[in-house]
Amino acid sequence: MLAYRHAFHAGNHADVLKHTVLAQVLRHMNQKDKGWRYVDTHAGAGGYSLEGAYARKKGEFAQGIAALWDRDDLPEALATLRALVRQFNDGDKLLQYPGSPAIAQLLMRPQDQLRLFELHPTDYKILASYLAEVPGAEVKMLDGFASLKAQLPPPTRRGVVLIDPPYEIKTDYVRVLGALREALERFADAVVIIWLPQLQLIEATQLPQRLKATADAHAKKGWLHAKLTVAQADERGFGMLGSNVFIANPPHTLHAALQPVMPYLAKQLAQFDGAKSALEKSASA
Ligand SMILES: C[S@@+](CC[C@H](N)C(=O)[O-])C[C@H]1O[C@@H](n2cnc3c(N)ncnc32)[C@H](O)[C@@H]1O
Numbered sequence: 000m001l002a003y004r005h006a007f008h009a010g011n012h013a014d015v016l017k018h019t020v021l022a023q024v025l026r027h028m029n030q031k032d033k034g035w036r037y038v039d040t041h042a043g044a045g046g047y048s049l050e051g052a053y054a055r056k057k058g059e060f061a062q063g064i065a066a067l068w069d070r071d072d073l074p075e076a077l078a079t080l081r082a083l084v085r086q087f088n089d090g091d092k093l094l095q096y097p098g099s100p101a102i103a104q105l106l107m108r109p110q111d112q113l114r115l116f117e118l119h120p121t122d123y124k125i126l127a128s129y130l131a132e133v134p135g136a137e138v139k140m141l142d143g144f145a146s147l148k149a150q151l152p153p154p155t156r157r158g159v160v161l162i163d164p165p166y167e168i169k170t171d172y173v174r175v176l177g178a179l180r181e182a183l184e185r186f187a188d189a190v191v192i193i194w195l196p197q198l199q200l201i202e203a204t205q206l207p208q209r210l211k212a213t214a215d216a217h218a219k220k221g222w223l224h225a226k227l228t229v230a231q232a233d234e235r236g237f238g239m240l241g242s243n244v245f246i247a248n249p250p251h252t253l254h255a256a257l258q259p260v261m262p263y264l265a266k267q268l269a270q271f272d273g274a275k276s277a278l279e280k281s282a283s284a
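This is how it looks when you write it as C-alpha cells:
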C-alpha cells in the first residue's frame, strides 16, 4: 500500500536538512570533472506546489524553508540550498519546493546521470513528465530498494545514493539497512545518504546504531550523522520529533559545512523549547 504523499510535507524541517546535505554532497562531487551517477531510490514527484491543497493542508513548509527565506544570517550551506530553491522558483517568491530529483538536476552537468525510482503512479507520472526527457536522466516506476544494486558501481566509479523511504511500513527499516550493506558491498566508495525519522518507535531508535555498524564494516571513508529535533511527541507518544541524516563515505568537507547549520536549524525551526541538534562522525570520516 502506498499511502504516503510527500506533497503534504514538502519544504518542512526534514526536507531542509536532507536537501542541504544532498546539495553539499553534489557540489563537492562537481569539484572534479569526471561525471557522477545519482541514484534516488525513493524519488517522490520531484517538485511540489506550496500553494496547492496538499501543502496548504498541513503548512509544514512554514516551519521549514519559509522560515529561512528572508533571513540574512544563513550559514553558507543553507544559503546554497535557498539559492537552489530560488532558482527552482525562477525568482524570489516561494511558490514551489524542489524535491531531491530537482535538487540533483539543478546541480548536474552534461557528464552526470540521474537514476530516479518512484513507485507511486501519480508521483511517478509527475516526475517522469518533467525529468524523463532530460539527457542523462532515467525515471522508473520500480521498487528503489530492489533496483539499487544494478546501478552500482557507476561506470565512472563516482556515485551518490539517496535512500529516503516513507517508513510507513516497518519493513522499510530493515530494507534501508540491507540497501546500505548491499550498496557498500558492491561499491565501497559510494556516498550513501539515508534519511530517517525521529519517532518513539523501537525500529526508529535502533536504526542509527545499525547504520553505523554497517558503515563501520563496509564504508571506506566512515560516516557522518546529523540529528535535528524540533518538536515534541503528543500525549500518546505519536508524532515526528525531527529527523536524522546518515551519510556513509561523506565528502571530507561535509562535517565543517554542517557544523554551523545544525544549531542554526535547531534555533530557527524550533517548535518547542527543547529543540536541539547534534553532529556525530566516525573516527575515519
Ligand atoms: C519521502 S518521499 C521521497 C521524497 C524525495 N526523496 C525528496 O526528498 O524530495 C518517499 C517516496 O517513496 C515512494 N516509495 C515508497 N516505497 C517505495 C519503493 N519501494 N520504491 C520506490 N519508491 C517508493 C513513495 O511513493 C514516496 O513518494
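Numbering that gives the first Met the number 0 applies: residue 0 is where the sequence shown begins, and numbers increase by one.
Glycine residues also receive a C-beta, built at the ideal position from the N, C-alpha and C atoms.
A straight line joining the alpha-carbon of residue 182 with that of residue 135 spans about 21 Å. For residue 281, same chain residues with a beta-carbon under 6 Å away, outside a window of 5 residues either side, are 221, 222 in chain order. When only Cα atoms are considered, residue 142 and residue 177 end up about 14 Å apart.
Of the residues assessed, residue 234 falls on the exposed side of the cut-off, its CB having fewer than 16 other CB atoms within 10 angstroms. In this structure, residue 174 and residue 150 do not form a Cβ contact; the two beta carbons are roughly 16 Å apart against a cut-off of 8 Å. Here the distance from the Cβ of residue 283 to the nearest heavy atom of ligand 1 is not below 7 Å. 240 is the residue among 179, 240, 158 whose C-alpha sits nearest the C-alpha of residue 198. 8 Å or more divides the Cβ of residue 179 from the Cβ of residue 190. Within 10 angstroms of the beta-carbon of residue 31 lie fewer than 16 other beta-carbons, which makes it exposed. Between residue 94 and residue 50, the alpha-carbon positions lie close to 6 Å from each other. Distances from the CA of residue 158 to each of 14, 6, 34, 2 were compared; the closest alpha carbon is that of 34. The beta carbon of residue 45 is closer than 7 Å to those of 98, 100, 101, 125, 126, 129, 130 in its chain, skipping five residues each way along the sequence. A buried status is given to residue 249, since no fewer than 16 other beta-carbon atoms sit within 10 Å of its beta-carbon.
At least one heavy atom of ligand 1 lies closer than 7 Å to the C-beta of residue 116. The C-beta distance from residue 73 to residue 87 rounds to 17 Å, too long to fall under 8 Å, and the pair is not in contact.
In the structure shown, residue 57 falls within a helical segment according to DSSP collapsed to helix, strand and coil. For the pair of segments examined, the region 269-281 was found to touch the region 209-229: the number of CB pairs separated by less than 8 Å reaches three. A straight-line Cα-Cα distance of about 10 Å links residue 6 and residue 58. Exposure of residue 208 is indicated by the presence of fewer than 16 other C-beta atoms within 10 angstroms of its C-beta. For residue 36 and residue 110, the gap between their C-alpha atoms comes out near 9 Å.
Take the alpha-carbon of residue 172 and the one of residue 242: they are about 14 Å apart. If you draw a straight line from the Cα of residue 71 to the Cα of residue 81, it is about 11 Å long. The Cβ atoms of residue 219 and residue 188 lie closer than 8 Å to each other. In this structure, residue 76 lies away from residue 247, with their beta-carbon atoms at least 8 Å apart. Cβ neighbours of residue 27 within its own chain (closer than 6 Å, five residues either side excluded): 250, 252.
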